[in-house]
Structure formats: structure tokens, C-alpha cells
Ligand code: WQD
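In the working numbering, the protein residues as written are 372 to 710.
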């Protein structure tokens, strides 16, 4: 069965392609390489022994996207990752985010309708919850006003997909990621932030490898056990495997509704200091960090209620924080060895 993975040379996309191929799916990747490298396709092939099909074009272009779909009559489903995701950049360049993230989605949905492709797995985010009133946060928690244009594009995307599924023959599973970190055990694929990383773990590993002077810890005056903010960090391979399970649920007609939403987290919250301590333990290194002011827009604490995904998908995150930080460190060292 042929599956389209948009954004398949990105961090989560590439790990999902590896898991799809391991389950025997044929994969075609579409990516404009605006935030990733073509080398990822070769590295996926080195891991799985199968080189995914690859097409480079911009999904924001309606003509190219429509022409692509017309030629892909054998597509069974789409896993849609392609989007910009830097929270801070989205505040500075909102139109870049609204145009890219929403136009791409709309062009894909139009292509699905025109070519009778019925299944989409969509990359959503816990960002839609904002700072939840109740923790752990459940899928039916109120969606709060987004704190950034990036988060708003995820909320609007969920609404667009839901509206389309009411009238068109499109089923969709929306996967709300918590904080994906880590890398494939082969250290051949991983998180590859272009420029200065926004996210915690790539900044930690780049500091340890010597690319950054020190990690800035954005605030230790939160009302949390150690004062630093809490997130639900999930290993990217656990996350990737959930996409394959969600896809098979659709293809086996096991969905109960046309649109289903699942939290993909571990159900466990970890603080910034706990991540740092885990990294120091697995690497045997002392991390250079400084406590700074809080980062505007950050929420204090969030972690997932994963009961629905555990029960309905039969999926549960298996890897712990030390697995995540060690695999991220191995990936950073592999990158340094190549440069
Ligand atoms: C985690 C914690 C920071 C960097 C991410 C993605 C977003 C969305 C949700 C997908 C926070 C602290 C960070 C640093 C730090 N993912 N931190 N120093 O903000 O939870 O959002 O997950 O949709 O796209 O960005 O992740 O890794 O930026 O921050 O102290 O240099 O680490 O304050 O508490 P965040 P993050």
C-alpha cells in the first residue's frame, strides 16, 4: 500500500517513514526541503534498505499539488507533517505561517477530494491546549486561544479538517504531540534544527558538543517542584510508531468517528532541570547552563492524559527520559563526526 508522507525529510516525518517501511508500506515523500536536507532520504534508505520515493515541490502551490495528486491514483492515505513549527518565528512572521501551514493543508485536502483519497493522519500539537486548567490534559479539554500564530495554525487546521470531513469522504486522525525529542538508535536520522535551536534538547546537545557556549534555562521561578517548567517529553520513535498504528486503524476501518483526536505523550511531566540531569547522567558530562528570565509565551506545565490512545490505539510510549537524552546525544555526536 502506498502512503504519502508530506514533510517526510523532517524530524518526525523521517522517523515515521522508517517505521512505515518496517511495516511494509510503500512510501512517497513530498518535501520542499525548506527546513530539511535531501540527505535524509539516503539515510532512511541506509536504515531500512528501501529508498522511499521522493518529490520536491511546494505544497503551497495549488497547481503543482493538484497535478501531483492526479498522478498518484494509487495513494491509500496521507500522513501530513509539512508545516513551519517555530513558535517564536511565527510571532515575527505570522503571514509566512498562515500561508504555508494553511494553504498547504487546503491544497492537500482538495487533492484528496479530487482523487478519492479518504484517509489523513494529521500532525497536530498539544499547543492547542495552551495552559490547561486540569492536568493531565484530556483530548476533550477546551482548546484555548492560541498563544502564537503557529499554535493558531494547528487549531485552524483541525477545524478545517473537521469541516471537510462532514461533507467530503475524508476520514482523519489528529495526533496532538507533546514534546518530541531523541533520535533513531542508528544515529543516522534525528532532529536537525537549521540555525540556533529554539527547542530545549537540541540546544542541550549542541552546548555539550561545543557549538553553543551555554544553555539558557528560561526561568526557575515557576511554582513547580524545582522551579523550572514542566513538559511531557516523548521519544520520537514512540511517536512515529503511533502514526503507523493510527494509519492501520483507518485502513482497517476501525475508526468510530470520521475525525478522531489522540494525545501522543508519555503521561509523565518532566522539568527542564530533570532533562538536564538526565542528559548529564547519560553523557557523563557537566552541562554549562545559566538561569535566565522566563521566555515570553511559555506555559508553566503540561502533560498528557494518554488513556484514550492507550486503550483505543493499543499504543503506549515505551521509552524513558534517559533513552531520549542518550539517543539525542548519540545523534549530535554522529553529526559532529560527519562535519
Ligand atoms: C521546552 C522547555 C522552555 C529552550 C515545543 C515546540 C512547539 C510544539 C510544542 C509541536 C520550556 C525550556 C527551551 C532553551 C529552555 N511542538 N527551554 N531553554 O516550548 O514546549 O514547544 O513543543 O507542535 O512547536 O516548540 O518546547 O523545547 O522550546 O521548550 O529553558 O534553550 O524548555 O522554556 O520550558 P515548547 P521547547
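Here a beta-carbon is modelled for each residue, glycine too, at the ideal position from N, C-alpha and C.
Pick out whichever of 607, 591, 525, 608 has its Cα sitting closest to the Cα of residue 600.
591
In angstroms with no decimal places, state the Cα-to-Cα distance between residue 454 and residue 460.
The straight-line gap separating the alpha-carbon atoms of residue 454 and residue 460 is approximately 13 Å.
Return the first residue and the last residue of the beta strand (DSSP E) that residue 397 is part of.
Looking at the DSSP string, the run of the beta strand (DSSP E) that includes residue 397 is 397-401.
Given a threshold of 16 other Cβ atoms within 10 Å of its Cβ, counted over all protein chains shown, does residue 478 qualify as buried or as exposed?
buried
Can we count residue 679 as close to ligand 1, meaning its CB is less than 8 Å from some heavy atom?
no
Using the C-alpha atoms, what's the distance from residue 515 back to residue 736?
Only positions 372 to 710 of the chain appear in the structure, and residue 736 is not among them; the question remains open.
To the nearest angstrom, how far is the alpha carbon of residue 430 from that of residue 385?
Residue 430 and residue 385 have their C-alpha atoms some 18 Å from each other.
Could you check what DSSP says for residue 674 in three-state terms: helix, strand or coil?
coil
Across which residues does DSSP place residue 631 in a beta bridge pair?
544
Which residues does DSSP list as the beta-bridge partners of residue 424?
399
I need the straight-line Cα distance from residue 548 to residue 442, nearest angstrom please.
31 Å
Pull up the distance between the alpha-carbon of residue 627 and that of residue 687, whole angstroms please.
Near 20 Å, if we compare the C-alpha coordinates of residue 687 and residue 627.
Is the CB-CB distance between residue 500 and residue 551 below 9 Å?
no
Could you tell me which uninterrupted beta strand (DSSP E) segments, each at least 3 residues in length, are contained entirely in the region 571-609, listed from first to last along the chain?
586-589, 604-606
For residue 684 versus residue 383, is the C-beta spacing smaller than 9 Å?
Between residue 684 and residue 383, the CB-CB gap reaches or exceeds 9 Å.
With a CB to CB cut of under 6 Å and the five nearest residues on each side skipped, what residues in its chain are close to residue 522?
Excluding residues within five positions, the ones whose Cβ falls inside 6 Å are 498.
Is any non-hydrogen atom of ligand 1 found closer than 8 Å to the C-beta of residue 525, if you look at the structure I gave you?
The answer is yes for residue 525.
At what residues does the alpha helix (DSSP H) containing residue 695 begin and finish?
692-709 is the extent of the alpha helix (DSSP H) around residue 695.
So the beta strand (DSSP E) residue 661 belongs to, where does it begin and stop?
660-663
I need the straight-line Cα distance from residue 512 to residue 491, nearest angstrom please.
23 Å
Are the region 562-580 and the region 641-654 in contact at 8 Å, needing three or more beta carbon pairs?
yes
Going by beta-carbon coordinates alone, are residue 390 and residue 614 separated by less than 9 Å?
Contact: yes.
If the criterion is Cβ atoms closer than 9 Å, does the pair residue 565 and residue 406 meet it?
yes
Would you call the region 470-484 and the region 414-431 touching, i.e. three or more CB-CB distances under 8 Å?
yes
Let's see if you can read the secondary structure: which residues bound the alpha helix (DSSP H) around residue 554?
First-last for residue 554: undefined, no H or E at that position.
State the beta-bridge partners of residue 490 as determined by DSSP.
542
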